[in-house]
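Here the structure is laid out as structure tokens; the discussion comes afterwards.
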Amino acid sequence: MDIKAYIALSLSLFIIGIIGVLIRRNAIIIFMCIELMLNAVNLLLVAFSKMHALSPVAKASLDYASDAQIFVFFIMVVAAAEVTVGLAIIVMMYRNVHTVDVNFLNRLKN
Amino acid sequence: MNNIFKLIWLIPVLPLIGFLINGLGRKYLSKKSSGILASAVILGSFILSLLTFIQVNQGVTSNVHLFNFIHLNSLKVAFDFKIDQLSVLFLMIITGVGFLIHVYSTAYMHEEEGKDFAKYFAYLNLFVFSMLLLVLGGNYLIMFIGWEGVGLCSYLLIGYWFRNTAYTNAAKKAFVMNRIGDLGFLLALFWLISKIGTVQYDEVFDVANLAKLSNIDITGITLLLFVGATGKSAQIPLFTWLPDAMAGPTPVSALIHAATMVTAGIYMIARSNALFSLAHETQTVITIVGLATALFAASIAIKQNDIKKILAYSTVSQLGFMFLALGTGNYVAAVFHVLTHAFFKALMFLGSGSVIHAMGGEQDIRKMGGLHKHMKITSITFFIGCLAIAGIPGFSGFFSKDEILASAFSHSVVLYSIALFTALLTAFYMFRLYIITFTGTFRGTNDQKHHLHESPKAMTIPLLILALLSIIGGYIGVPEALGGHHYLSAYLSPVVESVEHHLTNSTEYLLMGLSTILVLVAILYAWVKYKNYQIEPEAKGLGKVLQNKWYVDELYQKIIVNPLNAVANFFNNIIETKLIDGAVNGVGKGINYGSRQLRWLQSGQVGAYVLLMVIGILILFFIQLIL
Numbered sequence: 000m001d002i003k004a005y006i007a008l009s010l011s012l013f014i015i016g017i018i019g020v021l022i023r024r025n026a027i028i029i030f031m032c033i034e035l036m037l038n039a040v041n042l043l044l045v046a047f048s049k050m051h052a053l054s055p056v057a058k059a060s061l062d063y064a065s066d067a068q069i070f071v072f073f074i075m076v077v078a079a080a081e082v083t084v085g086l087a088i089i090v091m092m093y094r095n096v097h098t099v100d101v102n103f104l105n106r107l108k109n
Numbered sequence: 000m001n002n003i004f005k006l007i008w009l010i011p012v013l014p015l016i017g018f019l020i021n022g023l024g025r026k027y028l029s030k031k032s033s034g035i036l037a038s039a040v041i042l043g044s045f046i047l048s049l050l051t052f053i054q055v056n057q058g059v060t061s062n063v064h065l066f067n068f069i070h071l072n073s074l075k076v077a078f079d080f081k082i083d084q085l086s087v088l089f090l091m092i093i094t095g096v097g098f099l100i101h102v103y104s105t106a107y108m109h110e111e112e113g114k115d116f117a118k119y120f121a122y123l124n125l126f127v128f129s130m131l132l133l134v135l136g137g138n139y140l141i142m143f144i145g146w147e148g149v150g151l152c153s154y155l156l157i158g159y160w161f162r163n164t165a166y167t168n169a170a171k172k173a174f175v176m177n178r179i180g181d182l183g184f185l186l187a188l189f190w191l192i193s194k195i196g197t198v199q200y201d202e203v204f205d206v207a208n209l210a211k212l213s214n215i216d217i218t219g220i221t222l223l224l225f226v227g228a229t230g231k232s233a234q235i236p237l238f239t240w241l242p243d244a245m246a247g248p249t250p251v252s253a254l255i256h257a258a259t260m261v262t263a264g265i266y267m268i269a270r271s272n273a274l275f276s277l278a279h280e281t282q283t284v285i286t287i288v289g290l291a292t293a294l295f296a297a298s299i300a301i302k303q304n305d306i307k308k309i310l311a312y313s314t315v316s317q318l319g320f321m322f323l324a325l326g327t328g329n330y331v332a333a334v335f336h337v338l339t340h341a342f343f344k345a346l347m348f349l350g351s352g353s354v355i356h357a358m359g360g361e362q363d364i365r366k367m368g369g370l371h372k373h374m375k376i377t378s379i380t381f382f383i384g385c386l387a388i389a390g391i392p393g394f395s396g397f398f399s400k401d402e403i404l405a406s407a408f409s410h411s412v413v414l415y416s417i418a419l420f421t422a423l424l425t426a427f428y429m430f431r432l433y434i435i436t437f438t439g440t441f442r443g444t445n446d447q448k449h450h451l452h453e454s455p456k457a458m459t460i461p462l463l464i465l466a467l468l469s470i471i472g473g474y475i476g477v478p479e480a481l482g483g484h485h486y487l488s489a490y491l492s493p494v495v496e497s498v499e500h501h502l503t504n505s506t507e508y509l510l511m512g513l514s515t516i517l518v519l520v521a522i523l524y525a526w527v528k529y530k531n532y533q534i535e536p537e538a539k540g541l542g543k544v545l546q547n548k549w550y551v552d553e554l555y556q557k558i559i560v561n562p563l564n565a566v567a568n569f570f571n572n573i574i575e576t577k578l579i580d581g582a583v584n585g586v587g588k589g590i591n592y593g594s595r596q597l598r599w600l601q602s603g604q605v606g607a608y609v610l611l612m613v614i615g616i617l618i619l620f621f622i623q624l625i626l
């Protein structure tokens, strides 16, 4: 399959993520959009890795061909850990201000 | 090296020690101890100078190297002391007259508080130190250090009674005018260094080095040196500070503004005679300036009523005479007149101090009169001083002044006649001063009359010694026409080339006879005019112009001070407030305003921050794309 399709897919996922972060006010949805961006990048990484493994130069030595795919698993693990922290913060936020609307969180002002 | 020459550094260091002790311990020293200390260190210097003089008189001279002062690749300036006939002669004048004036001051200043008393002596010692440095220095730079030092001390002592604004203004005037001259001196030094790379006397006056200088160099350097001399020695156009300098205590006027500091310019030119003899244009300038100053100041002196002002203008006039001698190339006569003038002018200043002391601070001669009855020693010694300055045969001034007149005559008859006329004016105003002050009837208040008394011994003894010196001081320079052999000229011959007068004995007799007769006539005229002195009505015409000192101060005020003030005001009000303050405050205001405008960016809305971040990334992204 052409690499361009993968790039287009991950780019659209990433832009959806950005737009979501920018326009939504619900912290959970923003959080999900961030995850979406993260996974768009992951997808791109895997796609390039696959493309690279198929190239004639890489075929000569297959030792490192699947490194990026393994790397993505690590990213997913770290992302999972990060999600727990992020969700915990949102829970704490809800306990404090009884909402998950980020526009109420303007205490950084002044 | 001679033993006494090893101790030469002690001559200036002793007064420096006196200055440090008196200056630092002024709160703890009693008046008596600080006065004795200050006088004792000067006496020590005087004794050392005397011992040095005995050596030098036998023809032993030396250049004592103390340490390296500036040691650069291209320029080496040593801290040297030059011991030769000229410097030792000045050492004797400075320490000798200086000692007498210190002793005199202990009595004259007795009304001062203890701490101010010590301060006064500290300044006086510092002055002597600087002056000795000026005279002893083996190169122009050391001379310049002393030169600046005496200027500072002069400033400090003129403004000694600093609570009086007029006095501090006089001090500032003296300092600023001196600085103008100093700039000329400094430029001359730079010029010398750039051309021959040294300021050491021996090297500068070396024939090989002098040959390196073009005519323009020599004329420029000597003219700039002369500018320095006009500042320090109060010549036209920088003379107006000296009469104002009379604001200081009278012994200060005697020491600094009559006997020593103001003759520094003459010393400097006499020291540089090798240079000046090559610069004929400069010599002409010096002659004209000297003669003009002599005449100008003498004409002012005849109409002044302040006893010290008269003496001050007389000093300016006599200094003009010395410059006339320098300009005509007769350096010996100039140094000779410095010596005799130091004696009789110090005598008269101290005498006037004695009068002021007796009058309780009054300086106006119109309110004096008949003082001879009350203070005989002061009166008689002052009379001797007047005879000496007028040039009555037998007194010191006669010999030195006639030598200057003779050397003027050998140059041109016009110079001679103007100088002679000035000498007549001198005799006239001096006897006017004497007659109005010491003869006739007393014109002051009754309180003053009861207070009149002869001054204490500490004041009269220096007067007597100086009076004696004013009489005999001239006999070291008796001209050959009078059967002398001019000891001074022979003594100075290793340093200063002596000039031939080309005058026959009979011409000299004629000149002496003429000046003596005319001086006597001038004195007689003064006697007839002022013996029944009553307070005069307001002067008119020329008299008024003279009384107001030819309006020179007003002229300077108009053409120099006022424009300078206007420029300064322009810079202060326009450039400073509008331009510089505007720029500095503008930067602050701009930042303040800008940050107030930027503050809305910090809304606290997380979404807004994220939006900005994304925009930023997009901008960076596009920049990346374009480049």
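In order, the protein sequences belong to chains C and L.
Here the first sequence stands for residues 0 to 109, where the numbers follow numbering that gives the first Met the number 0.
Here the second sequence stands for residues 0 to 626, where the numbers follow numbering that gives the first Met the number 0.
Even for Gly, the Cβ is constructed at its ideal location relative to N, Cα and C.
Alpha carbon to alpha carbon, how far is residue i from residue j?
i, j, result
"residue 569(L)", "residue 561(L)", "12 Å"
"residue 381(L)", "residue 276(L)", "38 Å"
"residue 34(C)", "residue 16(C)", "8 Å"
"residue 590(L)", "residue 600(L)", "16 Å"
"residue 72(L)", "residue 172(L)", "39 Å"
"residue 37(C)", "residue 588(L)", "45 Å"
"residue 22(C)", "residue 606(L)", "8 Å"
"residue 436(L)", "residue 377(L)", "11 Å"
"residue 555(L)", "residue 519(L)", "37 Å"
"residue 142(L)", "residue 210(L)", "24 Å"
"residue 543(L)", "residue 179(L)", "30 Å"
"residue 357(L)", "residue 17(L)", "30 Å"
"residue 314(L)", "residue 398(L)", "18 Å"
"residue 301(L)", "residue 318(L)", "17 Å"
"residue 409(L)", "residue 502(L)", "7 Å"
"residue 176(L)", "residue 166(L)", "15 Å"
"residue 547(L)", "residue 242(L)", "12 Å"
"residue 515(L)", "residue 390(L)", "7 Å"
"residue 429(L)", "residue 330(L)", "26 Å"
"residue 645(L)", "residue 552(L)", "What the structure shows of chain L is the stretch from 0 to 626, and residue 645(L) is not part of that stretch, so it cannot be assessed."
"residue 15(L)", "residue 8(L)", "11 Å"
"residue 593(L)", "residue 608(L)", "20 Å"
According to DSSP, which residues form a beta bridge with residue i?
i, result
"residue 570(L)", "In the DSSP output, where bridge partners are listed per residue, residue 570(L) has none listed."
"residue 70(L)", "75(L)"
"residue 80(L)", "63(L) and 136(L)"
"residue 100(C)", "25(C)"
"residue 199(L)", "138(L)"
"residue 66(C)", "BP columns for residue 66(C) are empty, so no partner."
"residue 662(L)", "Given that chain L is displayed from residue 0 to residue 626, the structure contains no residue 662(L) and the question cannot be resolved."
Between residue i and residue j, which are expected to be in contact by the criterion C-beta below 8 Å, what is the C-beta distance as a whole number of angstroms?
i, j, result
"residue 119(L)", "residue 159(L)", "6 Å"
"residue 406(L)", "residue 473(L)", "With a Cβ gap of about 16 Å, residue 406(L) and residue 473(L) do not count as contacting."
"residue 366(L)", "residue 453(L)", "Not quite, the Cβ-Cβ distance comes to about 19 Å (not below 8 Å), so this is no contact."
"residue 78(C)", "residue 47(C)", "Not confirmed; about 19 Å, so no contact."
"residue 144(L)", "residue 135(L)", "Actually they do not touch by this definition, with Cβ atoms about 11 Å apart."
Should residue i be listed as close to the ligand FAD, given that the test is whether its C-beta is under 6 Å from any heavy atom?
i, result
"residue 179(L)", "Summarising the ligand content, the structure contains no ligands, and the ligand FAD is consequently not present."
Using a Cβ-Cβ distance cut-off of 7 Å, determine whether residue i contacts chain D.
i, result
"residue 20(C)", "Protein chains C and L are contained in the structure displayed, whereas chain D is not."
For the segment 583-606 of chain L, list every residue whose C-beta sits within 9 Å of some C-beta in chain C, in sequence order. 601, 602, 603, 604, 605 and 606
What residues in the segment 85-100 of chain C have a beta carbon less than 7 Å from any beta carbon of chain L? none
Three or more beta-carbon pairs under 8 Å between the segment 406-425 of chain L and the segment 342-352 of chain L, yes or no? no
Please confirm if the segment 17-30 of chain L is in contact with the segment 101-117 of chain L, defined as three or more CB-CB distances below 8 Å between the two stretches. yes
Please determine if the segment 256-264 of chain L and the segment 149-167 of chain L are in contact, where contact requires at least 3 C-beta pairs separated by less than 8 Å. yes
If you pair each beta-carbon of the segment 187-195 of chain L with each one of the segment 207-222 of chain L, do three or more pairs fall below 8 Å? yes
The segment 420-437 of chain L in contact with the segment 520-529 of chain L per 3-pair CB rule at 8 Å: yes
Flag this pair as touching only if the segment 32-42 of chain L and the segment 99-110 of chain L have three or more C-beta atom pairs under 8 Å; answer yes or no. yes
May I ask you to verify whether the segment 322-342 of chain L touches the segment 270-290 of chain L, counting CB pairs closer than 8 Å and requiring at least 3? yes
Return the residues of the segment 607-621 of chain L that lie within a Cβ-Cβ distance of less than 7 Å from chain C, sorted by chain order. 609, 610 and 613
Do the segment 325-345 of chain L and the segment 482-495 of chain L make contact, defined as three or more Cβ pairs closer than 8 Å? yes
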